[in-house]
Amino acid sequence: MTNPVRWLFSTNHKEIGTLYFIFGAIAGVMGTCFSVPPSLFLLLSPALVEVVRGTGWTVYPPLSGITSHSGGAVDSGISSPHLSGIVSAMISIGNPGSVVWAHHMFTMGLDVDTTAYFTAATMITAVPTRIKIFSWIATMWGGGGRGSIQYKTPMLFAVGSVFLFTIGGLTGIVPENSGLDIALHDTYYVVAHFHYVLSMGAVFALFAGFHYWVGKIFGRTYRETLGQIHFWITFFGVNPTFFPMHFLGLSGMPRRIPDYSDAYAGWNALSSSGSYISVVGICRFFVVVTITSSSGNNKRCAPSPWAIEQNPTTPEWVVQSPPAFHTFGELPAIKETKSSVK
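For the sequence shown, the UniProt record's numbering gives the first residue as 1, with consecutive numbering after it.
As structure tokens, then:
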């Protein structure tokens with residue numbers, strides 16, 4: 001067989017790992033090429049601003065004036081390490097993440113050296129993941145100054161996504177240890193861990209994006225009360241559903257079984273109750289979609305429905321909602337003025 005076919009259909013862990021390593025390296029190189037140049041531009045762009053930002057000890061009074069602590073120069077200077085930091089974190093997650101596949105196979109009889117390597121390599125990925133989470137939190141905290149966060153439905157889902165993803169990441173540290181994974185492998189602990197990361201962290205982020213863009217999509221705004229009800233019902237549904245599974249896994253309950261011992265009945269009952277609440281939350285989501293998209297909804301969406309800034313400078317917030325089928329006949333030339341964007 002040719003090499004690509006051999007990689008795609010092989011069950012040999014060395015060949016699979018080689019393929020992961022190649023794809024991880026390609027992804028890292030592409031991410032670096034597309035992300036580092038903008039970061040360098042932001043770092044050097046203050047030289048083009050009239051009042052540049054201070055460097056080193058010059059940012060402290062009385063060596064600097066108050067004018068040096070705000071403005072475009074400081075904004076670009078802050079954005080540069082933030083962008084390069086999150087890019088470095090993603091690369092640091094992707095590259096080691098391409099060579100840790102055997103942490104799913106600790107129970108198959110790997111030798112001690114191989115087990116030690118995959119345990120250490122998996123734990124290393126936790127460090128840049130924490131950097132990514134801290135970057136998310138710093139983005140929310142410093143996005144527009146302290147106290148500027150508006151807890152609308154999209155932000156609630158975004159914060160919920162960060163919270164749930166963090167819980168899933170923290171619980172994933174435990175089975176990273178090969179000795180503990182012997183006991184936890186193929187139990188409900190693993191089910192709880194990856195559902196917190198994927199079925200909750202990722203899905204909440206999708207809900208945040210939907211509520212943020214739904215006005216631009218349908219041309220009608222959703223009802224904030226319904227959106228927040230959807231969030232709180234779903235949030236208080238998924239946590240009782242999946243968090244008890246950690247205790248079931250620690251108690252030794254295996255996954256993929258049609259029945260279980262009476263000793264596990266308590267936590268399973270709580271988990272089932274949470275799943276019923278989650279179903280109600282998902283139904284509320286369809287209610288939001290139906291009401292928002294219906295012709296009877298008279299709440300028209302403004303070109304810029306979010307009070308991010310008085311004068312938006314990007315095309316999507318200056319065109320009508322929803323945009324025309326052919327919004328621009330050609331690439332628009334955007335001219336920023338003090339009063340509007342033309």
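C-beta atoms are modelled at their ideal positions from N, C-alpha and C, and glycine is treated no differently.
With 16 other Cβ atoms within 10 Å as the buried cut-off, status of residue i
i: glutamate 330; result: exposed
i: glutamate 176; result: buried
i: glycine 211; result: According to the sequence shown, residue 211 is histidine rather than glycine. Per the 10 Å Cβ criterion, buried.
i: glycine 266; result: exposed
i: proline 62; result: Bear in mind that a pLDDT of 47 at proline 62, under 50, signals an unreliable position, so the number given afterwards is only what the model happens to contain. When all chains shown are included, proline 62 counts as exposed.
i: tyrosine 222; result: buried
i: threonine 225; result: exposed
i: threonine 234; result: buried
i: proline 332; result: exposed
i: serine 272; result: exposed
i: glycine 179; result: exposed
i: arginine 220; result: buried
i: phenylalanine 325; result: exposed
i: lysine 342; result: Residue confidence is low: lysine 342 scores 44 on pLDDT, short of 50, so the model does not pin down where it sits. Its coordinate-derived value is still stated next. So lysine 342 ends up on the exposed side.
i: glycine 201; result: buried
i: cysteine 283; result: exposed
i: glycine 172; result: buried
i: phenylalanine 118; result: buried
i: phenylalanine 231; result: buried
i: isoleucine 86; result: buried
i: serine 340; result: Note on serine 340: pLDDT 45, under 50, position unreliable in the model; no value is reported.
i: threonine 241; result: buried
C-beta atoms of residue i and residue j nearer than 9 Å
i: glycine 215; j: serine 321; result: yes
i: valine 197; j: glycine 169; result: yes
i: aspartate 181; j: threonine 114; result: no
i: residue 343; j: methionine 105; result: A query on residue 343 cannot be resolved here, the shown segment of the chain reaching from 1 to 342 and no further.
i: threonine 139; j: serine 92; result: no
i: isoleucine 131; j: alanine 158; result: no
i: residue 394; j: valine 99; result: Because the chain is modelled from 1 through 342, residue 394 falls outside the range shown and cannot be assessed.
i: serine 304; j: valine 288; result: no
i: glycine 227; j: threonine 166; result: no
i: histidine 103; j: threonine 129; result: no
i: leucine 184; j: leucine 250; result: yes
i: tryptophan 141; j: isoleucine 149; result: yes
Residues sharing a beta bridge with residue i, DSSP
i: arginine 300; result: Arg220
Any non-hydrogen atom of the ligand MN within 8 Å of residue i CB
i: leucine 156; result: What this structure holds is no ligand at all, so the ligand MN is not there to describe.
Three CB pairs or more closer than 8 Å across the segment 160-170 and the segment 201-211: Touching, yes, given that three or more Cβ pairs across the two stretches are closer than 8 Å.
Contained alpha helix (DSSP H) runs [length at least 4] in the segment 210-256, N- to C-terminal order: If one requires a minimum length of 4 residues, the alpha helix (DSSP H) runs lying completely within the segment 210-256 are 224-250, in chain order.
Inter-stretch contact at 8 Å, needing at least 3 Cβ pairs: the segment 185-196 / the segment 232-246: Touching, per the Cβ criterion.
Stretch-stretch touch, CB-based, cutoff 8 Å, three pairs: the segment 268-280 with the segment 291-308: Cβ pair count under 8 Å is below three, so no.
Contained alpha helix (DSSP H) runs [length at least 4] in the segment 162-198, N- to C-terminal order: Counting whole runs of 4 or more residues, the segment 162-198 contains the alpha helix (DSSP H) stretches 178-184, 188-194.
Within the segment 104-149, ranges of the alpha helix (DSSP H) (whole runs, at least 4 residues): Within the segment 104-149, the alpha helix (DSSP H) runs of at least 4 residues that lie entirely inside it are, in chain order, 112-124, 126-142.
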